[in-house]
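All remarks here apply to the structure that follows.
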Amino acid sequence: MKRKSIWILLFTMSLLLLTACGNEGEKKKQSDEDNNQNSLEPIEAKLSVPEKTDINEKVNFQAAVTQGDDKVTDADEVMYEVWKVGEKDNSEMIKKVDLKEDSYTAEHIFSEEGVYYVQVHVTARGLHTMPKSKIVVGDPVLEQNADEDSNEHSDHL
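Just so you know, the UniProt record's numbering puts 145 at position 145 of the sequence shown, and the rest follows in order with no gaps.
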């Protein structure tokens with residue numbers, strides 16, 4: 001009789017343990033489904049770059065990354081790319097990026113005047129975004145066709 005009681009007790013404990021583990025699995029499954037819902041929304045990076053700076057002056061770049069209403073502070077990779085207009089092949093990658101106050105920040109010093117593009121490359125939650133912005137360094141002489149993204153044409157009447 002004692003032996004039978006031990007077996008019943010072991011069976012009951014095993015059953016309780018399996019039931020508890022089953023509930024954990026459901027919670028994990030629900031959590032995974034919630035994460036998949038978030039991944040359907042694109043990530044967005046709001047890039048903040050000053051419009052103008054001087055030669056040899058330290059400039060801060062910031063990118064606030066969001067997915068829907070959530071701030072993304074767990075990005076897999078964030079890099080800034082800087083190049084002079086018309087010289088994309090000579091771009092410089094800035095890989096030293098810090099997370100400060102929910103924004104990914106980097107510093108750069110421009111040694112030549114000109115018009116430059118700054119582009120942030122963000123990979124997070126299986127998604128990628130890369131907005132860009134312009135910055136004018138010093139007082140460059142602006143040529144009419146210096147903007148490589150411009151599709152505007154001047155028509156003379």
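Positions of the beta carbon are idealized from the N, C-alpha and C atoms, including for glycine.
By a C-beta neighbour count over all protein chains shown, 10 Å radius and 16 as the cutoff for buried, is residue i buried or exposed?
{"i": "TRP83", "result": "buried"}
{"i": "LEU47", "result": "buried"}
{"i": "GLY114", "result": "buried"}
{"i": "GLU152", "result": "Since pLDDT at GLU152 reaches only 38, below the 50 mark, its modelled position is unreliable, and the value read off the structure follows with that caveat. GLU152 comes out exposed."}
{"i": "LEU10", "result": "exposed"}
{"i": "ASN145", "result": "Because the pLDDT of ASN145 is 46, which lies under 50, any placement of that residue in the model is unreliable, and the number read from its coordinates should be weighed accordingly. ASN145 comes out exposed."}
{"i": "ASP155", "result": "With a pLDDT of 40 at ASP155, under the threshold of 50, the modelled position of that residue is not reliable, and no figure is offered here."}
{"i": "VAL72", "result": "buried"}
{"i": "ILE43", "result": "buried"}
{"i": "VAL141", "result": "exposed"}
{"i": "LEU157", "result": "Any reading at LEU157 must be qualified, since the residue scores a pLDDT of 37, below 50, and its modelled position is unreliable; no value is offered."}
Would you mind working out which of the options sits nearest residue i, comparing C-alpha positions?
{"i": "ALA45", "options": "LYS95, TYR80, GLU51 and LEU15", "result": "TYR80"}
{"i": "HIS121", "options": "TYR104, ASP54 and THR12", "result": "TYR104"}
{"i": "ASP102", "options": "LYS132, VAL59, TYR116 and ASP74", "result": "ASP74"}
{"i": "ILE109", "options": "HIS128, THR53, TRP7 and ALA64", "result": "THR53"}
{"i": "VAL78", "options": "VAL141, ILE6, ASP69 and HIS128", "result": "HIS128"}
{"i": "GLU57", "options": "GLY126, SER111, GLU41 and VAL85", "result": "SER111"}
{"i": "ARG125", "options": "LEU99, ASP76 and VAL118", "result": "ASP76"}
{"i": "ASP70", "options": "LYS4, GLN62 and GLU41", "result": "GLU41"}
{"i": "VAL59", "options": "PRO50, ARG3 and LYS100", "result": "PRO50"}
I need the boundaries of the beta strand (DSSP E) containing residue i, first residue and last residue.
{"i": "GLU81", "result": "77–84"}
{"i": "SER91", "result": "It is not in any beta strand (DSSP E) - SER91 carries neither H nor E in the DSSP assignment."}
{"i": "ASP65", "result": "In the sequence as displayed, the identity of residue 65 is Val instead of Asp. It spans 58–67 - the beta strand (DSSP E) in which VAL65 sits, taken as one unbroken run."}
{"i": "LEU47", "result": "43–48"}
Do three or more CB pairs link the segment 122–141 to the segment 87–95 at distances below 8 angstroms? no
Continuous beta strand (DSSP E) assignments of at least 3 residues falling wholly in the segment 100–136: 103–109, 114–124 and 127–129
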